[in-house]
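Whatever position you read off the sequence shown (first residue = 1), add 49 for this note's numbering.
Ideal Cβ positions, reconstructed from N, Cα and C, are used throughout, including at glycine.
Here the structure comes first, spelled out in structure tokens, and everything after it is commentary.
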Amino acid sequence: MQGTFDRRARTAGNGPGYASIVAAGPHAPVLHWVRNDGPVPEDAVLLLDAGVELDTLYTADITRTLPVSGSYTPAQRQVHELIERASAAALAAVRPGAEYRDFHREAMRVLAEGLHDWGLLPVSVEESLDPDGQHHRRYIACGVGHFVGLDVHDCANSRAEAYHDGTLEVGMALAVEPGLYFHPNDETVPPELRGIGVRLEENVVVTPGGNRVLSSALPGDAAGLEAWVAAAGR
Numbered sequence: 050m051q052g053t054f055d056r057r058a059r060t061a062g063n064g065p066g067y068a069s070i071v072a073a074g075p076h077a078p079v080l081h082w083v084r085n086d087g088p089v090p091e092d093a094v095l096l097l098d099a100g101v102e103l104d105t106l107y108t109a110d111i112t113r114t115l116p117v118s119g120s121y122t123p124a125q126r127q128v129h130e131l132i133e134r135a136s137a138a139a140l141a142a143v144r145p146g147a148e149y150r151d152f153h154r155e156a157m158r159v160l161a162e163g164l165h166d167w168g169l170l171p172v173s174v175e176e177s178l179d180p181d182g183q184h185h186r187r188y189i190a191c192g193v194g195h196f197v198g199l200d201v202h203d204c205a206n207s208r209a210e211a212y213h214d215g216t217l218e219v220g221m222a223l224a225v226e227p228g229l230y231f232h233p234n235d236e237t238v239p240p241e242l243r244g245i246g247v248r249l250e251e252n253v254v255v256t257p258g259g260n261r262v263l264s265s266a267l268p269g270d271a272a273g274l275e276a277w278v279a280a281a282g283r
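As structure tokens, then:
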């Protein structure tokens, strides 16, 4: 699967914009599984985090989590739909003048609320979201976005006031990528959730009226992804 994507990336542009992440089954909850080995179980999800660097030298950074069989299990769909809600909340917060951290906070609130509803938080949502709490972060291995451009994390060495502590401006390009990662051996979650890793990553540009999703040609909802897999299998 990595070879197929990477060859297509070379055909469409300069090649992959970064080391492609192709993680199936128990590897999907690993944040950056770039070994891209192991089986692809029929009842698992496949997390594909990959982007093409065009001949302009600008890169994409997009993630979709696909059902290998063509249909999500109830547990997989439950996780994916929560990620969809977190993505929608985060994208709604991307606009000129907003604090860079706003979309992160909005996604984290939705995820914490969902985890609380599932009985996975030992404290209230507000206690978990408090800087001294962060219980929900057990299942969220990273932040939910970064700038993209000439580098996939453009530019990670920027001063804090120009990046994480800054504000969004028209023309800025971002990756917005909420996810949940339940490791196979994590006994704090019910058996049906163990081994499920889901990330939904969109690329957006800040516009005067809010933002434009650059990756909208790809479905992001569970039903759309099931249909996409079904169409690809024909």
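- By the CB criterion at 8 Å, E236 and G194 fall outside the cutoff.
- DSSP places I132 inside the alpha helix (DSSP H), whose first and last residues are 123 to 141.
- The beta strand (DSSP E) runs lying completely inside the stretch 181 to 259 and spanning 3 residues or more are 194 to 196, 222 to 225, 228 to 230, 246 to 248, 251 to 256, given in chain order.
- The Cβ-Cβ distance between R113 and L242 does not fall below 8 Å.
- Within the model, the alpha-carbon separation for A139 versus P88 is close to 33 Å.
- Secondary structure at E176: helix, using DSSP grouped into helix, strand and coil.
- Looking only at P75, E275, G228, the smallest Cα-Cα distance to H153 is reached by G228.
- Nearest to G74 by C-alpha distance, out of R59, A99, L103, Y230, is Y230.
- Each residue's CA atom was taken as its position, placing G66 and N234 some 32 Å apart.
- The shortest CA-to-CA distance from V247 to any of D86, P240, H232 is the one to H232.
- By DSSP's assignment, T105 forms no beta bridge with any residue.
- Residue state for G119 is assigned as coil, using DSSP reduced to three classes.
- Under the DSSP assignment, A93 falls outside any alpha helix (DSSP H); it carries neither an H nor an E label.
- The shortest CA-to-CA distance from D200 to any of V94, T105, A135, G258 is the one to T105.
- For V262, same chain residues with a beta-carbon under 8 Å away, outside a window of 5 residues either side, are L140, E251, N252, V253 in chain order.
- Per the C-alpha coordinates, the member of S69, G244, R134 positioned closest to D98 is S69.
- DSSP lists I70, T112 as the bridge partner or partners of D98.
- When the five nearest sequence neighbours on each side are left out, no beta carbon in the same chain lies closer than 6 Å to the beta carbon of M157.
- The DSSP-derived three-state label of P65 is strand.
- Taking a cut-off of 8 Å on C-beta distances, the stretch 129 to 139 touches the stretch 265 to 281, as three or more cross pairs fall below it.
- Within the same chain, Cβ atoms closer than 8 Å to the Cβ of Y149 are found at Y212, H213, D214, G215, T216, L217, the five residues on either side in sequence being excluded.
- Here G220 is not near V197, since their CB atoms are 8 Å or more apart.
- Under the 10 Å beta carbon count, E210 is surrounded by fewer than 16 other beta carbons and is classified as exposed.
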